[in-house]
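Peer 1: Below is one structure. I have some questions about it.
In the working numbering, the protein residues as written are 26 to 244.
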């Protein structure tokens, strides 16, 4: 999927037409994450070197693996994000977390819109903010929070075998996972990725708030 202005306009139109479902929260349990659309890069582009002749950038989403030393959800896949501070908006929090976690400093003009709030098993209300991050160049992980940074092509989330749904003995709704390569990403992150795919790319107003998280992701 080509990373260009037509894709940005396509995503922005779809988000403008999408009716967001918010969830009730309080100041202690509000969080935001950034669904940051970036160039996948060919290695040279990401490092700031000359790119091959005829190379065309592909769109990707920015994900991280959380540091193993973290108390909550160590080593798990994540979107850059965290708690919303004080009177901060979800958009401001998502942009701040991009700076703190991966060194990506963007202004408010890059925000394209929001997806539905997702309530986690631990009681946090996550607000997903969709961001057009552009050509980011090299990114730097904050070692206290991030073990590694990944640019996963948007086409990977459009696979016909996604999402993976499995019934959990403890929940009435199925657990949702999104396949990536030969592995997968679990909800809640996977639920946000799936809704991004459905709303922003496929133009379907799919809801995901009902999906369950696997047991290991609830801690």
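Every residue gets a Cβ at the ideal spot worked out from N, C-alpha and C, and that includes glycine.
1) With 16 as the cutoff for other CB atoms within 10 Å, does residue 202 come out buried or exposed?
2) Is the beta carbon of residue 61 sitting closer than 7 Å to the one on residue 40?
3) First and last residue of the alpha helix (DSSP H) that includes residue 210?
4) Report the residue from 235, 162, 150 whose alpha carbon sits nearest the alpha carbon of residue 192.
5) Taking the alpha carbon of residue 38 as the reference point, which residue from 50, 139, 119, 52 has its own alpha carbon closest?
6) Compute the Euclidean distance between the alpha carbons of residue 35 and residue 228, then round it to the nearest angstrom.
7) Could you please give me the residues that DSSP links to residue 185 through a beta bridge?
8) Can you tell which of 129, 182, 199 has the C-alpha that lies nearest to the C-alpha of residue 166?
9) Could you compute how far the alpha carbon of residue 107 sits from the alpha carbon of residue 118?
10) Hey, would you say residue 90 sits closer than 7 Å to residue 31, going by beta carbons?
11) Please report the straight-line C-alpha distance between residue 69 and residue 126, rounded to a whole angstrom.
12) Let's test the definition: count the other Cβ atoms within 10 Å of the Cβ of residue 213 and tell me whether it reaches 16, buried, or not, exposed.
13) Give the secondary structure of residue 175 by DSSP, where H, G and I count as helix, E and B as strand, and everything else as coil.
14) For my contact list, residue 115 and residue 57 are in at a C-beta cut-off of 8 Å; report their separation, rounded to the angstrom.
15) Can you tell me which of the three DSSP states residue 145 falls into?
16) Threshold first: 3 residues or longer. Then list the beta strand (DSSP E) segments lying entirely within the stretch 83-136, N to C.
17) Since residue 47 sits in a beta bridge, which residues does DSSP pair it with?
18) Quick check on DSSP: helix, strand or coil for residue 233?
Peer 2: The structure says:
1) Counting Cβ neighbours within 10 Å, residue 202 comes out buried, since at least 16 surround it.
2) 7 Å or more divides the Cβ of residue 61 from the Cβ of residue 40.
3) Not the alpha helix (DSSP H): residue 210 falls in the beta strand (DSSP E), residues 208-211.
4) With distances taken between CA atoms, residue 192 lies nearest to 235 out of 235, 162, 150.
5) Among 50, 139, 119, 52, the Cα nearest to that of residue 38 is on 139.
6) Separation of residue 35 and residue 228 (C-alpha to C-alpha, rounded to the nearest whole angstrom) is 9 Å.
7) Residue 185 is not bridged to any residue.
8) Of all alpha-carbon atoms in 129, 182, 199, the one lying nearest the alpha-carbon of residue 166 is that of 129.
9) Taking the straight line joining both Cα atoms gives about 7 Å.
10) Going by beta carbons, residue 90 and residue 31 fall outside the 7 Å limit.
11) Confidence in residue 69 is poor, its pLDDT being 42 and thus under 50, which makes the residue's placement unreliable; the coordinate value appears in the next sentence. C-alpha of residue 69 to C-alpha of residue 126: approximately 23 Å in a straight line.
12) The residue is buried, with at least 16 neighbouring Cβ atoms inside 10 Å.
13) When DSSP states are grouped into helix, strand and coil, residue 175 belongs to the strand group.
14) Yes, residue 115 and residue 57 are in contact; Cβ-Cβ is about 4 Å, under 8 Å.
15) Correct three-state label for residue 145: coil.
16) The DSSP assignment places complete beta strand (DSSP E) segments of no fewer than 3 residues inside the stretch 83-136 at 84-91, 106-108, in order along the chain.
17) Paired residues: none, contrary to the question.
18) Residue state, collapsed to three classes: coil.
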